[in-house]
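The numbers in my numbering rise by one with no breaks, and the one at position 55 of the sequence shown is 55.
Working notes, beginning with the structure itself.
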Amino acid sequence: MLNKVSASEHLLNAAVLCGERLLREQQPQVRGVGLKTDVASTQPLTGFSHGAAGIAWALLKLAAWSREARFREAAKSFIAYERSTFVAEKGNWPDYRTWLEEDQSAPRFMAAWCHGAPGIGLARIDGLQYMDDRETREEIEIALRTIVESNFGMSHCLCHGDLGNLDVLLYAAQRMDNSWWNQAGERLASETIANIAEQGCLCSRQTSVASPGMMVGLAGIGYGLLRLASPERFPSVLVLAPPTMTQ
Numbered sequence: 001m002l003n004k005v006s007a008s009e010h011l012l013n014a015a016v017l018c019g020e021r022l023l024r025e026q027q028p029q030v031r032g033v034g035l036k037t038d039v040a041s042t043q044p045l046t047g048f049s050h051g052a053a054g055i056a057w058a059l060l061k062l063a064a065w066s067r068e069a070r071f072r073e074a075a076k077s078f079i080a081y082e083r084s085t086f087v088a089e090k091g092n093w094p095d096y097r098t099w100l101e102e103d104q105s106a107p108r109f110m111a112a113w114c115h116g117a118p119g120i121g122l123a124r125i126d127g128l129q130y131m132d133d134r135e136t137r138e139e140i141e142i143a144l145r146t147i148v149e150s151n152f153g154m155s156h157c158l159c160h161g162d163l164g165n166l167d168v169l170l171y172a173a174q175r176m177d178n179s180w181w182n183q184a185g186e187r188l189a190s191e192t193i194a195n196i197a198e199q200g201c202l203c204s205r206q207t208s209v210a211s212p213g214m215m216v217g218l219a220g221i222g223y224g225l226l227r228l229a230s231p232e233r234f235p236s237v238l239v240l241a242p243p244t245m246t247q
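Here's what the structure looks like:
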């Protein structure tokens, strides 16, 4: 959050304008509200990058910053919609994007920061300071279990790869319970590092060509590895954590 690095009333005013636009664009659902974006989908998306989890996460922060309850109420409505889509047997929330597959007869699921349980769990963890209840804690537990049980080794990037999912486990250990890291994270991190050493950096599931950039590229993979090495020094970019100030 830029305001934590260089506080400014202008930043707050700009953030409120963005929040007001989200309120204008929200669309009532059977339960709660969603928001249709330019990403083709059968219904409003769930998840962090384009969906309800990320929108609610931002609105909760804005509500605390601006002290305007309307943003908190909207955040709760986005979370209510997302909760209504949860599929218990998958331990996950559907990915409603239509360009992934031609056949839309069955819901698709991802397990990544951008779409699916990892990002949703991360949003809930970082939002505990604003909303901490039984349902939220249960969703976090489900999301973390889904990460541990997901397939590693397909990509290493922050957005939709192993280092993004490891970051969620690491963040959970820092903010909640370090057993998530001690019991699963260290093993998965070691396997990921070994996989990178053997195969090189995989930025995408579709191609082995490494790309630059933070979220889907080599910069993010490098940062993710630095974070594994020194999590107290390197904050999570997946929740826009500000830099650690050192003397």
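By construction, the Cβ of each residue, glycine as well, lies at the ideal position given by its N, Cα and C atoms.
| Query | Result |
| --- | --- |
| Beta-carbon gap between M214 and V237 smaller than 8 Å | yes |
| Strand pairing of Q27, partner residues [DSSP] | G34 |
| Helix, strand or coil at N151 according to DSSP, with G and I counted as helix | coil |
| Same chain only: Cβ atoms within 6 Å of T136, ignoring 5 sequence neighbours per side | R124 |
| Endpoints, alpha helix (DSSP H) assigned at Y171 | 162-175 |
| DSSP-derived helix/strand/coil call for Q111 | Position check: residue 111 holds Ala in this sequence, whereas Gln was assumed. It is a strand residue. |
| V267 - partner residues in DSSP beta bridges | Lying outside 1 to 247, the shown extent of the chain, residue 267 is not represented and no answer is given. |
| With 16 other Cβ atoms within 10 Å as the buried cut-off, status of R72 | buried |
| Candidates Q174, A53, V148, E25: closest to E248 by CA position | In the structure as shown, the chain begins at 1 and stops at 247. Residue 248 is therefore absent and cannot be evaluated. |
| Alpha-carbon to alpha-carbon, L128 and Y171 | 12 Å |
| For A111, the nearest candidate out of G47, G222, E89, E191 (CA to CA) | G47 |
| Status (buried if at least 16 other CB within 10 Å, exposed otherwise) for E139 | buried |
| Straight-line Cα distance separating A241 from A15 | 17 Å |
| DSSP beta-bridge partners of D95 | R108 |
| Spatial distance of I55 from Y96 (CA atoms) | 16 Å |
| The alpha helix (DSSP H) enclosing E191, as first and last residue numbers | 186-199 |
| Buried or exposed (CB count within 10 angstroms, at least 16 for buried), Q247 | Confidence is the limiting factor: at Q247 the pLDDT is only 37, short of 50, which leaves the residue's position unreliable, though a coordinate-based value still follows. Classification of Q247: exposed, given that the 10 Å Cβ count is below 16. |
| Length of the line joining the Cα atoms of S211 and L144 | 28 Å |
| S230, DSSP secondary structure in three states | coil |
| Residue range of the unbroken alpha helix (DSSP H) whose run includes L240 | Run containing L240: none; DSSP gives neither H nor E here. |
| Extent of the continuous alpha helix (DSSP H) run through E68 | It is not in any alpha helix (DSSP H) - E68 carries neither H nor E in the DSSP assignment. |
| DSSP three-state assignment for G51, whether helix, strand or coil | coil |
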